[in-house]
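Here the numbering used here runs 1 ahead of the position in the sequence shown, where the first position is 1.
Ideal Cβ positions, reconstructed from N, Cα and C, are used throughout, including at glycine.
All values reported here derive from a predicted model rather than from experimental measurement.
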Amino acid sequence: MKRPIILHPDARLKKVCDPVPDLSDELRALADDMLETMYDAPGIGLAAPQVGVMSRLVVLDCVKGEGEAPRPLVMFNPVVLDTSAERSVYEEGCLSIPDQYADVERPAEVRVGWIDRDGTPQEEDFSGLWATCVQHEIDHLDGKLFIDYLKPLKRQLITRKMVKLKRERARV
Ligand code: GNR
Ligand code: NI
């Protein structure tokens, strides 16, 4: 089942999310809903607070190209274990900040640990778009958005546009 995505600015997007103590059928159903919502958007990642659930859960699939097989990842309690000194810049967007894009510099490679959908601990190195996306998603769990990396003026400009967009959407 698709779930509505919360738009910035919203207090829920600024909160630190709670660790998931135990997996449950409810949490697995939430992860499935998040994947469906992400693919439908379409997006390459989604964090639980974006659908109003304040738990440390993200989903992502950064496979690009129609021909390639999808790779949906479900991460409970993801943690960045290590980062490369090398940085890379990507033009980022966010499903909670539609139609706004900006360059963000982050570590080019990250090692991430998490609990998968079956409750099994996993560890993997990510690079390229995967590295950017997984860091963007884990930031959401700490109440951080990509616009928080921008200069205050640019951030304010985007936030004002979003306030206007939300006002217009609420009116119809
Ligand atoms: O769909 C998304 N695209 C994207 C592009 C560049 C860097 C990060 C992202 S994540 C974003 C989906 C989203 O908002 N996840 O939280
Ligand atoms: Ni996002």
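* Please indicate yes or no: does the CB of Gln51 lie closer than 8 Å to some heavy atom of the ligand ATP? => Ligands present in the displayed structure are limited to the ligand GNR and the ligand NI, and the ligand ATP is not among them.
* Asked: Counting Cβ pairs closer than 8 Å, one from the segment 150-158 and one from the segment 54-61, do we hit at least three?
  -> Result no; under three Cβ-Cβ pairs closer than 8 Å.
* **CB contact flag (Val54, Pro5, <9 Å)** => Locating residue 54 in the sequence shown gives position 53, where the first residue counts as 1. Locating residue 5 in the sequence shown gives position 4, where the first residue counts as 1. No, the pair does not count as a contact, with Cβ atoms beyond the cut-off.
* Proximity to Ser25 [Cα-Cα], best of Ala132, Asp143, Asp126, Arg118 -> For this step, residue 25 is matched to residue 24 along the sequence shown. Nearest to Ser25 by alpha-carbon distance, out of Ala132, Asp143, Asp126, Arg118, is Arg118.
* Extent of the continuous alpha helix (DSSP H) to which Asp41 belongs -> For the purposes of this step, residue 41 is identified with residue 40 of the sequence shown, where counting begins at 1. In the DSSP assignment, Asp41 falls within the unbroken alpha helix (DSSP H) covering 26-41.
* Asked: How about the segment 69-86 and the segment 136-154: do they share at least three Cβ pairs that are nearer than 8 Å?
  -> Touching, yes, given that three or more Cβ pairs across the two stretches are closer than 8 Å.
* How about the segment 37-53 and the segment 12-27: do they share at least three Cβ pairs that are nearer than 8 Å? -> Counting C-beta pairs closer than 8 Å gives three or more between the segment 37-53 and the segment 12-27, which meets the contact rule.
* Buried or exposed for Met2, please, with buried defined as at least 16 other CB atoms from any protein chain shown within 10 angstroms of its CB. => What you label residue 2 is simply residue 1 of the sequence shown in a count that begins at 1. With fewer than 16 other Cβ atoms within 10 Å, it is exposed.
* Inspect the CB distances between the segment 33-41 and the segment 100-115 and report whether three or more fall short of 8 Å. => No, the segment 33-41 does not touch the segment 100-115.
* Asked: What number of angstroms, rounded off, separates the C-alpha of Tyr1 from the C-alpha of Val164?
  -> The shown model of the chain, from 2 to 173, leaves out residue 1, and the question about it has no answer.
* Taking the C-alpha atoms as reference points, what is the distance between Glu92 and Val21? -> Along the sequence shown, one-based indexing puts residue 92 at 91. Along the sequence shown, one-based indexing puts residue 21 at 20. For Glu92 and Val21, the distance between alpha carbons rounds to 31 Å.
* Terminal residues of the alpha helix (DSSP H) in which Thr160 lies -> Sequence index remark: in the sequence shown, residue 160 carries index 159 (1-based). Start and end: 153-172.
* Note down, in chain order, each residue of its chain lying with its Cβ closer than 6 Å to the Cβ of Leu8, except the 5 sequence neighbours on either side. => Position 7 of the sequence shown holds residue 8. Cβ within range, chain order: Ser97, Lys167.
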